[in-house]
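Data first, discussion second: the structure below is written as structure tokens.
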Amino acid sequence: MEKKKILFASQEINPYLPETQMSNVGLNLPKHSIEQGNETRVFLPKFGVIKEKANNLHEVIRLSGMNLIIDDFDHQLIIKVASIQSARLQIYFIDNDEYFPKRVMFHDENGNFLPNTEERMMFYCKGVIETVKKLGWSPEIIHCQGWFSSLIPMYIKKIFNEDPLFKDTKVIYNVFDTEYQNSINPVIVEKLLYENNLEESDLDLLRNPTFENLSKFAISYSDAVIQGSENINKNVLDCMKKSELPFMEYPGEEDYEDQYNNFFDSLVEEEELELTEEK
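Residue numbering for the sequence shown follows the numbering used here, beginning at 219 and increasing consecutively.
Rendered as structure tokens:
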């Protein structure tokens with residue numbers, strides 16, 4: 219199998235965030251990808267709990283400064299990078315002072331979602347894609363890990379669908395057992411409608427943006443799906459299995475990297491076969 223171009227859009231990566239199943243996968247998959255010789259890019263939100271000095275983050279001036287339109291307002295995109303030397307990984311951090319305030323990840327001091335959570339998601343997902351465009355890099359696989367990356371499949375398939383960089387890109391959505399309670403603000407629908415190429419019917423599932431509906435929304439725009447944890451929301455798991463998309467079952471917590479790699483290979487091979495048949 220030829221070497222692949224893989225983009226990892228993660229919600230958590232160890233050691234920048236506390237060690238969890240998701241953050242370990244967030245580290246080990248791109249590490250394994252590099253060991254396989256693949257071109258690999260890794261993105262993470264620059265949550266306020268990530269310590270810049272301790273982790274040697276620094277801004278990349280040539281990639282920073284772009285304004286992203288969120289809810290019809292401009293918001294400056296700041297790109298920072300850091301390296302995990304032991305894994306030979308460079309991590310790109312999506313940052314903005316308003317959306318990623320200090321000492322905060324998802325919740326305020328009372329345990330409630332930050333009031334602009336839907337805009338933070340939009341900014342991160344759109345920021346990843348715009349940065350990849352600025353790099354002029356065309357990924358064959360985009361692996362979206364965790365609900366904070368759940369808008370990327372829609373952005374690729376509806377907003378950036380005519381961009382030649384993403385013409386043959388396969389988008390994978392990976393669901394973990396990080397279910398949040400209650401719901402994100404349904405105003406996300408109104409804010410997304412400022413984007414080109416979107417109609418209200420495209421966003422029906424987001425009118426009640428629970429974890430379940432947000433996951434189903436991401437699945438509906440994905441090319442493949444993965445069960446990242448053993449015990450995920452049952453309705454989401456049923457949706458994945460009934461979607462007729464390529465589906466990877468929970469691979470366990472040890473030696474899972476090769477299973478992911480084989481799944482990625484199968485999607486790239488499928489795309490190559492489709493292109494051959496078109497000719």
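Positions of the beta carbon are idealized from the N, C-alpha and C atoms, including for glycine. None of the values given here were measured: they were computed from a predicted structure.
- Take Arg321, set aside five residues on each side of it, and the residues of its chain with a beta-carbon closer than 7 Å to its own are Gly266, Val267, in chain order.
- In the three-state reduction of the DSSP assignment, Gln239 falls in the helix class, which pools H, G and I.
- Under DSSP, Leu286 takes part in a beta bridge, and its partners are His293.
- Close CB contacts of Lys264 within its chain, under the 7 Å cut and outside five residues either way in sequence, are with Lys298, Phe311, Ile312, Asp313, Phe318 (chain order).
- Rounded to the nearest angstrom, the Cβ distance from Lys452 to Asp289 is 34 Å, too far for a contact under 8 Å.
- Between Gln477 and the set Asn449, Gln445, Val350, Cys343, the nearest pair of CA atoms involves Gln445.
- For Gly345, the CB contacts under 7 Å within the same chain, skipping 5 residues up- and downstream, are Leu286, Leu295, Ile312 in chain order.
- DSSP, reduced to helix, strand and coil, places Tyr373 within a helical segment of the structure shown.
- Residue ranges of uninterrupted alpha helix (DSSP H) with 4 or more members, entirely inside the region 298 to 357 and ordered along the chain, are 335 to 353.
- By the 16-neighbour rule on beta-carbons within 10 angstroms, Glu348 is buried.
- Uninterrupted alpha helix (DSSP H) stretches at least 4 residues long and entirely within the region 454 to 481 do not occur.
- The three-state reading of DSSP puts Phe394 in coil, since its state is none of H, G, I, E or B.
- Minimum Cα-Cα distance from Asn232 among the listed residues Val260, Ile390, Met466, Lys222 corresponds to Val260.
- Relative to Val443, the option among Trp365, Gln303, Val405 whose CA is nearest is Trp365.
- Here Ser368 is near Leu432, since their CB atoms are less than 7 Å apart.
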